[in-house]
Every structure is written in C-alpha cells, then in structure tokens.
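Take 1 as the starting number for the sequence shown in UniProt numbering and just add one per residue.
Glycine included, each C-beta is placed from N, C-alpha and C at the ideal position.
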Amino acid sequence: MENFINLKYEEWVKSGKYGLNSLEDYISLEIYPEDIEIFSTVLLPETFIFEDYILLRRPNINLNEQKSNFLQWSDKLKCKNEAQKIFNNTNVSDIFLNTSQNSSESTLLNVARLIKFNWENFLLNKYQDRQFNVVIGGENFDPSLTFYQI
C-alpha cells in the first residue's frame, strides 16, 4: 500500500503495550472481525439497475426517492451517464463521518484506493456484460469515489 502512514498503528507501536510491533500483531490484537464484516458493505455495495444504469443503493433513502433523484439529475444534466457519476459519488469522509478528522490524508486516500479496487472487481463480476470506470476524485484530505458505465 502506497504511503502507509497509519497514526493508530504508529501510536500502538510507540505505546509498547504488548512489546510487539508488526502489522500482523496489531491486527490480531486490536482489530475486530465484526468491524471488517460491517465494512464489507462498503467494499461490496448494494446496487440496483434503473433506466439501464447501475446505481448505488443508499439504504437510508427510499428506493423510489433514489430513482426520482436520478431522473432529476438526468434531466438537469441532459445526460444519464453524467447523472450516474454524480449519483454514485461517495466521499470517504461521509463513510467515516465521526472519525475521519482523526485520520491522515494518506490513510483516507489509501482507504479510497481499497474501495476503488473492490468496486472494480465487484462491478466486473456482478455485471459481466458491462464496463465501468471507477475513479477517485479530490485526492486530498477528502477523497471521493464514483463509478459509471462506459
């Protein structure tokens, strides 16, 4: 992973809590499987097909409302592909709303890269008859991701 600077891990190593310092030790002692299981919902997102476009399903928004939002963006932009880019946009800081301010820029960008890699594979495997671009935008303190069909 590029530019691996993880502040939590570095603090853990400096604390000398267990006298250990490898990433494997940190994972085995500090990371919970339940957290990875929950995060898998980001890495393997729920999607739906509407107007022949693959869209991210936002669980906290009614599906009909999501469809209506997509149509509004399509009408406004006069291009469903552009609407798809906007509709599927996800800010890393929104995923970690309460904790991202405590993370380094490199950590947030590495998380964005991880999500991008997983979305590419997820979309390729789930929708084998389609092609997608998955892109990271705002490669600074608040990276975002989106995908769209090509």
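- In the three-state reduction of the DSSP assignment, Ile95 falls in the helix class.
- Cβ contact annotation for Asn6 (same chain, cutoff 8 angstroms, sequence separation greater than five): Ser104 and Thr107, in chain order.
- Between Asp142 and Val92 a beta carbon distance of about 7 angstroms is seen, short of the 8 angstroms cut, so the two are scored as contacting.
- Counting the other Cβ atoms within 10 Å of the Cβ of Tyr148 gives 16 or more, which makes it buried.
- The Cβ-Cβ distance between Arg57 and Phe48 falls below 7 angstroms.
- Bounds of the beta strand (DSSP E) holding Gln149 are Ser144 to Gln149.
- CA-CA distance, Ile86 to Lys76, rounds to 12 angstroms.
- Taken in chain order, the complete alpha helix (DSSP H) segments of 4 residues or longer contained in the region 24-92 are 33-43, 63-77 and 80-87.
- Burial state of Leu109 is buried, judged by a 10 Å Cβ sphere holding 16 or more other Cβ atoms.
- Judged by pairs of C-beta atoms under 8 angstroms, the region 31-47 touches the region 118-136, as three or more such pairs exist.
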